[in-house]
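Student: Got a structure for you, questions after.
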Amino acid sequence: MLKIEGLSVNYGSLRALTNVDLEVQDQGILHGVIGPNGAGKSTLLDAVCGRRRPTAGSVRYRGEDITGRSVAWRRRHGMSRSFQRTSIFPDLSVREQLVLIAQHLGDDRLDDIIRLMDLGAYLEQKAGRIAYGVQRRVDVALALIGRPSILLMDEPGAGLSAVETLRLFEHLRELVSEQKIIAVVVEHDVEAVFACCGMITVLDLGCHLATGVPSEVRKDSRVIAAYLGSAA
Amino acid sequence: MIALLIANSLALASLLIMLASGLALMYGLRDVINFGHGALYMLGAYLGYTVAQVSGFWLALVIVPILLAVVGMVLELLVLRPLKARSHIEVALVTFGLGIILGQIIIFIYGGVARSVEAPTMLSGSLTLLGLSYPVYRVFLILMGLGSCALLAIWLRFTRSGLFVRAVSQDPSVARMMGINSDRLSLMVTSLSAAFAGIAGVLAGPYLSIDPGMDVVMIVDCLIIVVIGGTGSIAGAIVAALLFGFVQVAGSVFLPNVAALVPYVLLMVVLLIAPGGIGRGRVLS
Amino acid sequence: MTNRAPIQKNLCDSSMTESASSSWRVPATGAAGVMLFGFGGLLPAYLASDFTLKVANEGLLLGMLALSVAFLMSEAGLVALGVASVYGSAGYLFAIGMSEWGLTPTIAVVFAFFALIAYSGVLGALIVRTNPLAFMMLTLAAGEMVSHAVMLEAVHDYTGGADGLVVNFKGAILGVQAADFVNPRYFWPIGWTAVWLIGVTLWGVARSRLGATLRAVRQNEERMRFSGFNTYLPRVIAYVLVNAVAAVAGLLHVLNTGFVSPESLGLGVSTNALVAALMGGTAGSIGPLAGGLIFAFAQDEFGARGATQLLTGVAIVLFIVVLPRGVVGSVVAVLRRIAPGLVWLRGKA
């Protein structure tokens, strides 16, 4: 469903991603992307969702080359993204922003998302005034509207405690499995990733190191050397 | 003929560079557009006129920038800093209002008439360069322009504060997180920007005219340059100033009937082709 | 699971606006509005002097300009510093249409209006992409461009240069005679009606999906794109809309005064519109109208031109720093504290 071929992204002379090939087909499971700082994880998401123009390579979605498509187009066609730095609408209430997006994308079943993200108690409050953890959940909720078929999540647990992150991941795993979504999750919390993801991709210094099920990745010598070395 | 065109463009561009780079610096650092920048320029011009009448042009060139730097500090400490929490638009509007107030005060003091300033004897007349006769004053202007570019480049490249300015211009959030004392930096940049506006004002006296409408004309020109250059990009602003100067001068020579509109056409063309401006600035939302 | 039904019902029902939940409020507001409109339209013509009406008419027109500036600011977060260029150009195009192309007054009005719609569409398409600060700079530049264009030697025969144009026409437009437009007593109801129509329209747009989209784009343009919205088109539409309002105001202005000059489209008028919007308060429709009227009378009071421009600058600084909600906005805020039941008094009440 999602095929990345030879993807390279340069910021001037800085090579953030070099020749990355990746195919994500598994629906209904979380596909984690991990790697040390500077590995290019966020850049990968940026390139896939259209926020960054790749320097080379292509992104294919359902067989179609979407490398030139706009961000809004991708969203309308089922590719959704959540943000590392919480990106919500501070002056709108939680309900107002969810409804606004839902009306636009033609989704009338917000209650599932609200239940899943546990936002029932905060609906009438202005998003700028709620706790950070709840804001993160609103950020994710906005990405879930419209029954996307691909979900790209950039460190959904950023700023949350280990417990909150784990709980978020469990909710996501439930949703993704229910709706057969392809979910690519960039995350720093290696524990959560290994616990909840069905597949894991490891990046290092802009290059693709390994992709496989958690148990395999854990044993991969290159991965251990580059990343898990001290932690494993 | 073409040499004359280029020389005149450089002379005009020199003035514009001094003004536009100050504006671009402030925007790059703080996301603040000082809409009163034209009024500062006008203040510099009228003050320069007064000081020149009393103690001569050269002293004016020294004193006025210092006075304007003080005005810049006042602007920073009494206006920009207290309003740090406000949106950029609100701050821009406040500078717009202050610019109007300053302009009106100047008109009130000096009367709404145009003044002329004589170039100092050392800089009057013309000299022959490469077989062409050219006004000395304009050569002086070009040298001043080059000099300020050089100073700016040296400051940005080789000093600590210059490094900080470049860092903040590229990525404000990261740079601020790194604990750069942006308050002190802002004070420096605002005073510098005002001082340069002052120098430009003094220099403008013998070259252009000193009249009550000069603040509006200059702020519009500067804003166009900053947008073409890519707001926040100082290199872009310099290139844009050169381009603007050339287009303006060429326009007045080749298309005198519509000369006033030529810079605007340039602006629209740039917006069409490169909406973000020439340099790597932050014009686009 | 038990929460399911109520949440779904509320979410599907809710619109982006504050709905008046109490049953008597909407008709009461409507009745109050109609009364205000009726009395306001008819009484002053009987009670006030010609001169007062003349100033008040200026206030109405300025109020219209202020409405357009205020709408763009509060909905899209954009400051348009060049509204006067459309306002004044309407007068010029009207005059030129009649004198150069022999258009009838009515056709000339229609021509001027649509020409300016087209102009603002093109300009908006070019400049709306930039960030709000750059947008503000560009509207200022565009306004000055028009000022320069009108003063060019090349078009002096058309525009009269610095002297401006005296614009007379014979006949009627939409049944209203030329002389009626110029008469302060007759113009007041016309202007008043126009302002109300414009105010209600803009208020309606603000409450519509377009308004909600604009406000959301203003808060987080990127997220809107990432939610599948075209963030560019709504802003262009808003820009054209406010310029349409400015064009209408400009046409009424030239019909009323019979004269147009470079000052009509200059930075001064644009600034006055901005001040009027800030003074009145940019949220809602009553504020800018009130601001326009207040400004017109204040300007009349403070006579000498120099003083008014200085006070304009002072007013801008004052109303942004000290009174960001403007006069009307602050009054409403105070009223809300005193009488919480008046909470629905937002926008056109």
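Chains as they are written, first to last, in the working numbering: chain A, 10 to 241; chain B, 5 to 289; chain C, 1238 to 1586. Idealized CB from N, CA, C, for every residue including glycine. These numbers were taken from a predicted model, which means no experiment stands behind them.
1. How is A/C216 classed by DSSP in three states: helix, strand or coil?
2. Say whether chain C places a C-beta atom closer than 9 angstroms to the C-beta of A/A241.
3. Could you check where the beta strand (DSSP E) with A/G41 kicks off and where it finishes?
4. Can you name the start and end residues of the beta strand (DSSP E) that A/D30 belongs to?
5. How big is the Cα-Cα spacing for B/L171 and B/A201?
6. Of all Cβ atoms in chain C, is any one closer than 9 angstroms to the Cβ of B/V224?
7. Is A/R145 buried or exposed, if buried means 16 or more other CB atoms sit within 10 Å of its CB?
8. Closest Cβ-Cβ distance between C/Q1456 and chain A: below 9 angstroms?
9. Quick one: list the residues of chain C neighbouring B/Q108, beta-carbon separation under 7 angstroms, in chain order.
10. For a quick check, are the C-beta atoms of B/G303 and B/T99 less than 9 angstroms apart?
11. From this set, C/L1299, C/M1301, C/T1289 and C/P1342, which residue's C-alpha is nearest C/G1495's C-alpha?
12. Are at least three pairs of beta-carbons, each pair with one atom in the region 228-235 of chain B and one in the region 263-280 of chain B, less than 8 angstroms apart?
13. Can you tell me the Cα-Cα spacing of B/M30 and B/I228, whole angstroms?
14. Nearest-angstrom Cα distance between C/G1428 and C/E1459?
15. Which of the residues in the region 1351-1383 of chain C, read from start to end, lie with their CB under 7 angstroms from any CB of chain B?
16. As a quick exercise: from C/S1326, C/A1371, C/G1465 and C/T1367, pick the residue whose alpha carbon is nearest that of C/F1351.
17. Do you know offhand how far C/V1628's Cα is from C/L1555's?
18. How would you write the range of the beta strand (DSSP E) that A/D163 sits in, first residue to last?
19. So, with DSSP's three-state summary, where would you put A/M208?
20. Taking the Cβ atom as the reference point for each residue, do B/M22 and B/T194 lie within a distance shorter than 9 angstroms?
21. What separation, rounded to the nearest whole angstrom, lies between the Cα atoms of B/L14 and B/G26?
22. CA-CA distance, A/E179 and A/L39?
23. State the DSSP-derived secondary structure class of A/D229, mapped to helix, strand or coil.
24. Of all the CB atoms in chain B, is at least one closer than 9 angstroms to the CB of C/H1385?
25. Pick from C/V1571, C/L1572 and C/V1558: whose alpha carbon is nearest that of B/I93?
26. Could you have a look at C/N1420 and say whether DSSP puts it in helix, strand or coil?
27. Per DSSP, what kind of secondary structure is C/Q1414 in: helix, strand or coil?
28. The region 26-47 of chain B: which residues have C-beta closer than 9 angstroms to a C-beta of chain C, in chain order?
29. Any idea which residues DSSP pairs A/I13 with across the strands?
30. Anyone know if the C-beta pair for C/V1346 and C/R1472 falls short of 9 angstroms?
31. Does A/Q106 pass the burial test, meaning 16 or more other C-beta atoms within 10 Å, or should it be called exposed?
32. Between the region 103-119 of chain A and chain C, which residues of the former have CB atoms less than 8 angstroms from a CB of the latter, in chain order?
33. Name the residue from C/V1497, C/L1492, C/F1532 and C/L1530 whose alpha carbon lies nearest to the alpha carbon of C/V1419.
34. Taking DSSP as the reference, what is the three-state secondary structure of A/P99?
35. Can you pull the DSSP bridge partners for A/K135?
36. Does DSSP put B/R119 in a helix, in a strand, or in coil?
Tutor: Considering the structure as presented:
1. strand
2. Per-residue confidence for A/A241 stands at a pLDDT of 45, beneath the threshold of 50, marking its modelled position as unreliable; the derived number appears in the next sentence. Chain C contact via Cβ: absent.
3. L39 to I43
4. L23 to V33
5. Checking the displayed sequence, the identity of residue 171 of chain B turns out to be Ala instead of Leu. Rounded to the nearest angstrom, the two C-alpha atoms are 24 angstroms apart.
6. yes
7. buried
8. yes
9. G1543, Q1546, L1547 and G1550
10. Any question about residue 303 of chain B goes unanswered here, given that chain B covers just 5 to 289.
11. C/P1342
12. yes
13. 16 angstroms
14. 40 angstroms
15. L1363, I1364, R1366, T1367, N1368, P1369, L1370, A1371, M1373, M1374, L1375, L1377, A1378, E1381 and M1382
16. C/S1326
17. Outside the displayed range of chain C (1238 to 1586) lies residue 1628 of chain C, so it cannot be described from this structure.
18. I159 to D163
19. strand
20. no
21. 18 angstroms
22. 10 angstroms
23. coil
24. yes
25. C/V1558
26. coil
27. strand
28. Y31, D35, V36, I37 and F39
29. A/L31 and A/V68
30. no
31. buried
32. R104, E105, Q106, L107, V108, L109, I110, A111, Q112, H113, L114, D117, R118 and L119
33. C/L1492
34. coil
35. A/S102
36. strand
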